[in-house]
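Engineer: Please find one structure pasted underneath; my questions will follow.
Protein chains: 4
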Amino acid sequence: MYNFKNDYAEGAHPSILERLTQTNLVQQPGYGEDKYGLQAKQIIKEKLGNKWASIHFVSGGTQANLLVIASLLRPHEAVISASSGHIFTNEAGAIEAIGHKVISVPTTDGKLTTADMESTLQSYSLKPHVVKPRLVYISNTTEMGTVYSKNELRDLYAQCKANDLLLFLDGARLGHALMAPGSDLLLEDVSRFTDVFYLGATKNGGLIGEAIIFNHQAIGSEFEYIMKQKGALLAKGRLLGIQFLCLFEGDLYMKLAQHANLMASKIAQAIEAEGYSFLTRPQSNQLFPIFPMPLIDQLLEKYQFYIWQQVDQNQAVVRLITSWATPEKIVDALIQDILRYKQ
Amino acid sequence: MYNFKNDYAEGAHPSILERLTQTNLVQQPGYGEDKYGLQAKQIIKEKLGNKWASIHFVSGGTQANLLVIASLLRPHEAVISASSGHIFTNEAGAIEAIGHKVISVPTTDGKLTTADMESTLQSYSLKPHVVKPRLVYISNTTEMGTVYSKNELRDLYAQCKANDLLLFLDGARLGHALMAPGSDLLLEDVSRFTDVFYLGATKNGGLIGEAIIFNHQAIGSEFEYIMKQKGALLAKGRLLGIQFLCLFEGDLYMKLAQHANLMASKIAQAIEAEGYSFLTRPQSNQLFPIFPMPLIDQLLEKYQFYIWQQVDQNQAVVRLITSWATPEKIVDALIQDILRYKQ
Amino acid sequence: MYNFKNDYAEGAHPSILERLTQTNLVQQPGYGEDKYGLQAKQIIKEKLGNKWASIHFVSGGTQANLLVIASLLRPHEAVISASSGHIFTNEAGAIEAIGHKVISVPTTDGKLTTADMESTLQSYSLKPHVVKPRLVYISNTTEMGTVYSKNELRDLYAQCKANDLLLFLDGARLGHALMAPGSDLLLEDVSRFTDVFYLGATKNGGLIGEAIIFNHQAIGSEFEYIMKQKGALLAKGRLLGIQFLCLFEGDLYMKLAQHANLMASKIAQAIEAEGYSFLTRPQSNQLFPIFPMPLIDQLLEKYQFYIWQQVDQNQAVVRLITSWATPEKIVDALIQDILRYKQ
Amino acid sequence: MYNFKNDYAEGAHPSILERLTQTNLVQQPGYGEDKYGLQAKQIIKEKLGNKWASIHFVSGGTQANLLVIASLLRPHEAVISASSGHIFTNEAGAIEAIGHKVISVPTTDGKLTTADMESTLQSYSLKPHVVKPRLVYISNTTEMGTVYSKNELRDLYAQCKANDLLLFLDGARLGHALMAPGSDLLLEDVSRFTDVFYLGATKNGGLIGEAIIFNHQAIGSEFEYIMKQKGALLAKGRLLGIQFLCLFEGDLYMKLAQHANLMASKIAQAIEAEGYSFLTRPQSNQLFPIFPMPLIDQLLEKYQFYIWQQVDQNQAVVRLITSWATPEKIVDALIQDILRYKQ
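Residue numbers (the working numbering), protein chains in the order written: chain G, 1 to 343; chain F, 1001 to 1343; chain S, 2001 to 2343; chain B, 3001 to 3343.
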C-alpha cells in the first residue's frame, strides 16, 4: 500500500541524515546559536535579497503560525483567513488559544482576494464591539493546492498596507508554490510582498522544521522570548540549523519541491486525458480529482489517500499528494491503475 | 429625538433607586455576601423551582458570557453559536480572548436547531486537529428578536445531553422571551432545559446586572474564583443584590418586560396593517420592519434607530427597540408618523 | 457591631444617589458616550493639568489592573510589584490569567524603591529564558497604608524611563494618599510621574468605579476594545459617568478621603498615646496597630476588623480601616474602648 | 575549549542516528501514530509496571511543562514550585502565558518538602481572592543537581493526595536521578508516587524529546488536542518514536545517564579531596563547587562553564555539567588542571 495521503510519511532527505551524522559530536551552543544555523540564516537572507530579514527556525507549521501571530497582535486584534486556511480548520484552535479570533472568508479555491478583504473590513467596523482585523493570513500553496501569482500577492500586500494590516504567508509548502509550473513568483517577491512568512521543511525533505522570516525590522523584535515561552526554542537548535543548511546551501530545497510537483503533474495529465475533472486546477503537489466511486474503491486496494468530499452518490473528490520522496515507478503504476478502469 | 436604538438608554426603574437610597448606610459585607443579594438568590431559586441552582450576580452580558465559558471549558473545547450570536459578533473577541473558538452556524432567524447541531458536530470530527465542540450557546430572545418555544428548547437540550454538550442560554433579554405573546416557555423550563443561563437586568429595568444560574451541582463550582480573577466580583456587591431583590421579590421583572413587549407589539401591528413586512416575525421588544427609504428618512428626523441592513436601493430593514421605560405616548406618535407616510 | 474591616461596607455618598435619581429618565447613549461621563472626564483632565490624558471609567480595581496591563504588554513582558501588591496577593491570578508573570519584590512597608528595581532588573537579564520586565506596578496608598512622597515617585519614574519601563499606579485609595497629612504629592504630580494610574471611587464614596488615566498619547490607544473584550464596558456607562461627575465637579472626592484620614488619624494618635506601636507608620485610612490579645478580644465584641498577623502568643497586628462614612461618634467610642483596657 | 556548560552540546547517541537512517524511507502515519513510537510506548509502560499509564512524546521540557499544566488546571488554579524550579525561573513565563500563577517556595537545595507545602497552603486560603493551589511541580534531578529519595517522593505524594493536589515531576534529567549513586528510587516508584512525569531525552542522548507519562486514567484524557493546539504534535512523530525506541528497548537510557553521573562523580571526588566545598552535595551530573577566583580564571582558559554565583570577592560557585557524551579523557584533564592549581 503506497501512501498518497500526505507529504510527511517518510523521514528526511538522506543528505540531511548524513550531515547530522557527520557533525554529531561537534559541541555547539544551544538555543539557536549553533554555527550551522547561523550560516543557514545567512544563506537564506542572501537568497531573499533582503538584508533586513530576521530568521528563526521552529519545528512545525502550527507552532510557526501561533508564534508569529502571538508576537504581532494586541489582545483585541484579529486575523483574516480563507475559511479553508489551516489556522481556521486544522490547528485545534491554536490561534484562539493565544487569544485571537480568526475571521473566516469563504473562497472557492483557497485564495484570498482584495475584494474578500474589502468586504471583510466593512463587516468589522463597529468599533469597539467587534474585533479589529490586523493581520491577513494566506497559505501558498493553499490547502487546495492552488498558488498565488506575483500580481495577486503584490495586490494583496498593497491593500494590506493601505489598511494598516500585516500580511503573513504560511509557507508550509512554499517550495511547491515557487516551483509550480507556470508560476512567476520568486522567493525574493515573497520577501517583498509579505511582512512575514515561512519556508516549510517538514513537507519538503526535512525531519521537522520551518524557517520563519520577518521581512523588516519593524516587526519580529524579541521573537526568541516568544519562542521560548511557547516551548519552541529547541535546546539542540542544531537539529534545525543543520537541516536548513543542507536544504539551502545549494538548491536542494527547490529541487525536492520540483520533483514532487513533477510527479503530481504527471498524474494530473493522465487523469485529465481520461476525461476526469478536478475540484481545483492542478498546480502543485496536491491534486483533487473527481473520480467515480468504483474507481476509488479499486485504487484504495493499492493506495492510501483521502476521500475529500462526496460529490454525489456516484462520485467523490479525492486528494492525492506527492512528495520529494515519491518514486516515479509508483506514479506510473498509479496511472496504469487509473487508465485500466473501465467506465 | 426619542431613542428606539436600544433598551439601555435610561437609568433604572425608580423603585430600584429608592431601595438603594433606603439601604445606603446599612453596613454590609462585600463581595456578594450582602443580605440583600442572599435574599434575592433565595427568591430566584424558589421561582426556578430548582433547589440545586447556584446563582451569581455580575455586571453585564459580555462579562457573564466569558465567565461562564471560562469556568466550563478545557483549552481545546469550543462553543457552537448561531452566526448572529452576540458572542460571535459583538463582544470584541471576548471568548477567543479566554482561549476558545466560537464555531458559527448560519441561521435565518437567529435560532439554532437540532439539525444545525448535527451537521456542525459532523464537521468537527477530525480529532485532534480540530477543536472539540463542548458548549452550545443560544440567546433568548435572540439577536433577531425571535424566541424559542418550550419544545424547541427541550429538543436542543436533549440533543446536547446525547452528545455530551453543555447548553448555555444568554438571557440578556430573557424576561422579554418569557413574556412574549404566545410563548409557552416558563422560567422553570429554562432551569430544566439548560445547564446554565442568565437573567438580564441591564436591559430590563436595572442599572447593571445579570443573574447567572447554574442549574445543577456538576458545574459552576468555585465560580467566585473565576469572577474575582476576571474583575467581576464587585466589592459593593450590594449594588447588584438590591437590584435583583427589587426585581424579583414581586413580579416587577416580568411586568417590565411585558410592558416593553406590549409597546413593540402595538407598533408591529400598525406596521403590519400598513402592509410592510419584517425581516423576522415580531415576537418581543425588537422589531425589524422593512421600510421604504423615504419613510426611514422622515422617521429619522424625530427618532433614533439603526438601519440594520439595506434590502435594495429603495428599502432597508430598520431595528426598533422598546423598553420598560418606553412611554405609550411616544409609541402612539411613532405609529402616527408611520401611518402619515404616503407611498 | 461597627465594621472597621474595610472601606466599602456602605453604599455611596448620598449626593451620588440623588444625582442618579434626578437624571434617571434622561435618555443617554450607552457604552461610555453619556454626557455626564464626557463632562466628568473633561473636569478630571483639567484638574490633572494634562491635556494629553485619556480617561476611561470601569467598575473596580481588579478590572482596572487587568485591563491596563492587557493593553500595554506583549506576551513575554512581565510586571514588577511589591510582594504585598494587590495584583500579586489578592486578585486570584488576574494578571497571570491574561498571560503575564508578576515578579514580586519583598518590602517592609509596601513601597518599591529604586534599589528594589535595580536588583530586580539584574535578576531578569538572561534573555530569552526569563520574562522581560516591562511595567512597574505600585499602589498609593499601599496595601500597608503607607504613601509615596513626591520625590519618591519622581525618582521611581525617572528610573523607569531610564530602563524603558512603564510605571502604573493603582489608585484604589489615591484620594487617601493625596490627602494624607504631610503628603506633598499633588494630583498633577501623579499625572506627570506615572504613565498610567487610576482614581478609585469604590473605596471613596462611589457605588462602583475607578477612573483610569493614561497620561500620554503613546499608550492607551484602542483601550475601549480591551474594555469591551474583558466585559468592562458597561451598557449603562452613565452609572459611572454620573458618579465621577458628582465626585469631581467640586472637591467632594478629596473631602471624603480627608474625612477618612482624619478619623484614622484620631484613632492612631490615641493608640500611640497609649504606648502601642504599629506595623507601619499611620499615614492614611488604614492602621496596623499591634495590640495585646486580650484587648483584641474585647474590641472584637463591639467591632469588626481583621487580625492581620500574629506577632507572638501575646500580641497581634490588627487592621483598622476608616472611610468617608465612618461617624466620628463611633471613632470616639472605639478610642474609649481602647483607653479603658487595663494591662 | 571543552564545554561543561550543559548536557545538550552534542547531537544524539550514534545508535539513534543509525536507526533514523535505517528506517528513513519506510512510510509511516504521522502525528504520533508511527509503529516505532507505538512500540516505544509499550516498552516504557512495561518498564513502569503500570498498565494505566498513557504516554506522549513531545520535543522539549518547556513544552512538556506547559502542555501538562494546560491540560490539568482550571483558570483559577495555580502551581506550587520551588523558587529554583525551571518553570519559575527559566521558561520565559510559559506557565503564566497559559494563564496560571506559579507560587514559588524558597529552598536551599531545590527540593520541596511537606513542610513547605503545608505553609504554602496556609498562605493561600483566602478564597476567592487568592489563586487556588492545585498542582505541585518538582524537578528530579533538581536544578541544583540534588535528587529525591523514595521516601521523600512518597511523602510528598501522600500529602498531595491528602490536599487534593496533583504531583507533577519534571524529569528532564530523570535518568540522572534514577542512576544517582546511592539513590533508592526506581522508575516504577516515580510512576506510583506522582500523577504525571516525564522522561527527558534531550539531555540524555536524544536529539530532542521528552516522554510525558500520565500515571492514571483520571487525567491526561484528550491530551493530543492540547498537543496539537500548542504546536507540539509533530507531523513526523517518527522522529520522536524512533529515539525513544532506541533509548528504551534495551538499557541505553539508563547507561547514558550512568556515564554522565560517573564522570561527574570522578570530578567531584577530586574536588573534595582538594578541600573545596560545594553549594549542594554532588549527587548527579551537575556539580556546584566553590572555587577561588584565580582557579576559575585558569580553568576558563580551557573549559566553558557558568559562574553560578559570587560567594565573595575571592570565591564563586561554578556549575559543571557532564553528559552521556563527556569523554573520560577530558574529565581527567580537568581534574589535573584543578589539582595543578596552587593557592
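All C-beta atoms, glycine included, are put in the ideal place defined by N, C-alpha and C.
The structure presented is a predicted model; accordingly, all values stated were derived computationally and were not measured.
(1) Please identify the residue among B/3201, B/3167, B/3249, B/3277 whose C-alpha is closest to the C-alpha of residue 3216 of chain B.
(2) So residue 3341 of chain B is in the alpha helix (DSSP H); what residue range does that whole segment cover?
(3) Here's a check: name, in chain order, each residue in its chain whose Cβ is nearer than 7 Å to the Cβ of residue 3100 of chain B, leaving out the five neighbours to either side.
(4) Does the Cβ of residue 3302 of chain B have 16 or more other Cβ atoms within 10 Å, making it buried, or fewer, making it exposed?
(5) Between residue 2099 of chain S and chain B, is there a C-beta pair that is closer than 8 Å?
(6) Our contact map puts residue 1257 of chain F next to residue 1204 of chain F with C-beta atoms below 8 Å; I'd like the distance itself, whole angstroms only.
(7) Comparing C-alpha positions only, which one of B/3206, B/3225, B/3304 sits nearest to residue 24 of chain G?
(8) Consider the Cβ of residue 1072 of chain F: report whether some Cβ of chain S lies at a distance smaller than 8 Å.
(9) Consult DSSP for residue 3086 of chain B and reduce its assignment to one of helix, strand or coil.
(10) Nearest to residue 3130 of chain B by CA position, among S/2128, S/2095, S/2145, is which residue?
(11) Between which two residues does the beta strand (DSSP E) harbouring residue 3315 of chain B extend?
(12) Please state the DSSP three-state secondary structure of residue 256 of chain G.
(13) In terms of alpha-carbon separation, which member of G/322, G/179, G/126, G/189 lies closest to residue 151 of chain G?
(14) Can you give me the C-alpha to C-alpha distance between residue 3052 of chain B and residue 313 of chain G, rounded to a whole angstrom?
(15) Mind pulling the alpha helix (DSSP H) runs of 4 or more residues that sit fully within the stretch 194-269 of chain G?
(16) Measure the beta-carbon distance from residue 191 of chain G to residue 48 of chain G and round it to whole angstroms, keeping in mind my assumption that it falls under 8 Å.
(17) Measuring only the C-alpha atoms, how far is residue 3285 of chain B from residue 3323 of chain B?
(18) Helix, strand or coil for residue 2103 of chain S, going by three-state DSSP, please let me know.
(19) Which one of B/3289, B/3294, B/3299 has the shortest CA to CA distance from residue 3317 of chain B?
(20) What does the Cβ neighbour count give for residue 3098 of chain B, buried or exposed, with the cut at 16 atoms within 10 Å?
(21) Under a Cβ-count criterion, where at least 16 other Cβ atoms within 10 Å of its own Cβ denotes burial, should residue 1181 of chain F be classed as buried or exposed?
(22) What residues of chain F sit near residue 2027 of chain S, judged by a beta carbon separation below 8 Å?
(23) What three-state label does DSSP hand residue 374 of chain G in the structure shown?
(24) Contact criterion: CB-CB distance below 8 Å. Does residue 272 of chain G meet it with respect to chain A?
(25) Going along chain S in order, which residues have a C-beta closer than 8 Å to the C-beta of residue 1228 of chain F?
(26) Should residue 3126 of chain B be labelled buried (16 or more other beta-carbon atoms within 10 Å of its own) or exposed?
(27) Determine the chain B residues that contact residue 1236 of chain F at a beta-carbon separation under 7 Å, and present them in chain order.
(28) Using a Cβ-Cβ distance cut-off of 8 Å, determine whether residue 3133 of chain B contacts chain F.
(29) Measure the alpha-carbon distance for residue 1158 of chain F versus residue 1165 of chain F and round it to whole angstroms.
(30) Which one of F/1297, F/1187, F/1247 has the shortest CA to CA distance from residue 1020 of chain F?
(31) Residue 2076 of chain S CB to nearest chain G CB: under 8 Å?
(32) For the stretch 86-167 of chain G, which segments carrying the alpha helix (DSSP H) assignment without a break, of at least 4 residues, lie completely within its bounds, in sequence order?
(33) For residue 2079 of chain S, which of helix, strand or coil comes out of DSSP?
(34) DSSP three-state call for residue 3007 of chain B: helix, strand or coil?
(35) Name the DSSP bridge partner or partners of residue 3278 of chain B?
(36) Counting only beta-carbon separations shorter than 8 Å, does residue 1216 of chain F have a partner in chain B?
Structural biologist: Let me lay it out:
(1) Position 216 of the fourth sequence, counted from the start, is the residue given in the question as residue 3216 of chain B. Answer by Cα proximity: B/3167.
(2) The residue you call residue 3341 of chain B lines up with position 341 of the fourth sequence. It is not in any alpha helix (DSSP H) - residue 3341 of chain B carries neither H nor E in the DSSP assignment.
(3) Your numbering for residue 3100 of chain B matches position 100 in the fourth sequence. Contacts found: 3069, 3073, 3077, 3078, 3079.
(4) Translated into positions along the fourth sequence, residue 3302 of chain B becomes position 302. Residue 3302 of chain B is exposed by the Cβ-count criterion.
(5) Taking the third sequence and counting its residues from 1, the one referred to as residue 2099 of chain S is at position 99. Chain B, which has a Cβ nearer than 8 Å to the Cβ of residue 2099 of chain S, makes this yes.
(6) On the second sequence, residue 1257 of chain F is found 257 positions in, with the first residue counted as 1. On the second sequence, residue 1204 of chain F is found 204 positions in, with the first residue counted as 1. About 5 Å; that satisfies the 8 Å criterion.
(7) In the first sequence, residue 24 of chain G corresponds to position 24, counting from 1. Ranking the options by Cα distance to residue 24 of chain G, first place goes to B/3206.
(8) In the second sequence, residue 1072 of chain F corresponds to position 72, counting from 1. It does not: the Cβ of residue 1072 of chain F has no partner Cβ on chain S nearer than 8 Å.
(9) As a working note, residue 3086 of chain B is residue 86 in the fourth sequence. Looking at residue 3086 of chain B - three-state DSSP - the assignment turns out to be helix.
(10) Locating residue 3130 of chain B in the fourth sequence gives position 130, counting from the first residue. Ranking the options by Cα distance to residue 3130 of chain B, first place goes to S/2095.
(11) Here residue 3315 of chain B corresponds to residue number 315 of the fourth sequence, with the count starting at 1. Looking at the DSSP string, the run of the beta strand (DSSP E) that includes residue 3315 of chain B is 3315-3321.
(12) Residue 256 of chain G sits at position 256 when you count from the first residue of the first sequence. Three-state DSSP puts residue 256 of chain G in a helix.
(13) As a first step, residue 151 of chain G must be located in the first sequence, where it is residue number 151. Answer by Cα proximity: G/189.
(14) Walking along the fourth sequence from the start, residue 3052 of chain B turns up at place 52. Walking along the first sequence from the start, residue 313 of chain G turns up at place 313. Residue 3052 of chain B and residue 313 of chain G: Cα-Cα distance of roughly 44 Å.
(15) 223-229, 238-248
(16) Here residue 191 of chain G refers to the residue found at position 191 when the first sequence is read from its first residue. Here residue 48 of chain G refers to the residue found at position 48 when the first sequence is read from its first residue. Indeed, because the Cβ distance is near 4 Å, the residues count as touching under 8 Å.
(17) Here residue 3285 of chain B refers to the residue found at position 285 of the fourth sequence. Here residue 3323 of chain B refers to the residue found at position 323 of the fourth sequence. Cα to Cα, residue 3285 of chain B sits roughly 7 Å from residue 3323 of chain B.
(18) The count along the third sequence starts at 1 and reaches residue 2103 of chain S at position 103. Residue 2103 of chain S falls in the strand class under three-state DSSP.
(19) Within the fourth sequence, the letter at position 317 stands for residue 3317 of chain B. Checked all of B/3289, B/3294, B/3299; the closest Cα to residue 3317 of chain B is B/3289.
(20) Looking up residue 3098 of chain B in the fourth sequence gives position 98. Answer is buried; the Cβ neighbour count reaches 16.
(21) Along the second sequence, read from residue 1 onward, the residue named residue 1181 of chain F stands at position 181. Per the 10 Å Cβ criterion, exposed.
(22) In the third sequence, counting from the first residue as 1, residue 2027 of chain S sits at position 27. What residue 2027 of chain S touches in chain F: 1002, 1003, 1009, 1010.
(23) A query on residue 374 of chain G cannot be resolved here, the shown segment of chain G reaching from 1 to 343 and no further.
(24) The chain inventory of the structure shown lacks chain A, comprising the protein chains G, F, S and B.
(25) Taking the first residue of the second sequence as position 1, residue 1228 of chain F is located at position 228. Under the 8 Å cutoff, chain S gives 2062, 2091, 2092, 2094.
(26) Here residue 3126 of chain B is taken as the residue at index 126 of the fourth sequence, counted from 1. It counts as exposed.
(27) Sequence index remark: in the second sequence, residue 1236 of chain F carries index 236 (1-based). Near residue 1236 of chain F there are no residues of chain B at all, since even the closest Cβ is about 16 Å away, more than 7 Å.
(28) Within the fourth sequence, numbered from 1, the residue matching residue 3133 of chain B stands at position 133. It does not: the Cβ of residue 3133 of chain B has no partner Cβ on chain F nearer than 8 Å.
(29) Here the question's residue 1158 of chain F lines up with position 158 in the second sequence. Here the question's residue 1165 of chain F lines up with position 165 in the second sequence. Computed Cα separation, rounded: 10 Å.
(30) Locating residue 1020 of chain F in the second sequence gives position 20, where the first residue counts as 1. Cα-wise, what sits closest to residue 1020 of chain F is F/1247.
(31) Residue mapping note: residue 2076 of chain S aligns to position 76 of the third sequence, counting from 1. True, the Cβ-Cβ gap to chain G drops below 8 Å.
(32) 86-89, 94-97, 114-123, 150-162
(33) Position 79 of the third sequence, counted from the first residue, corresponds to residue 2079 of chain S. In the structure shown, residue 2079 of chain S sits in a strand (DSSP, three-state: E or B).
(34) Mapped onto the fourth sequence, residue 3007 of chain B falls at position 7. Correct three-state label for residue 3007 of chain B: coil.
(35) Position 278 of the fourth sequence, counted from the first residue, corresponds to residue 3278 of chain B. According to DSSP, residue 3278 of chain B bridges with B/3289.
(36) Stepping through the second sequence from its first residue, residue 1216 of chain F is reached at position 216. No - not a single Cβ of chain B is within 8 Å of the one on residue 1216 of chain F.
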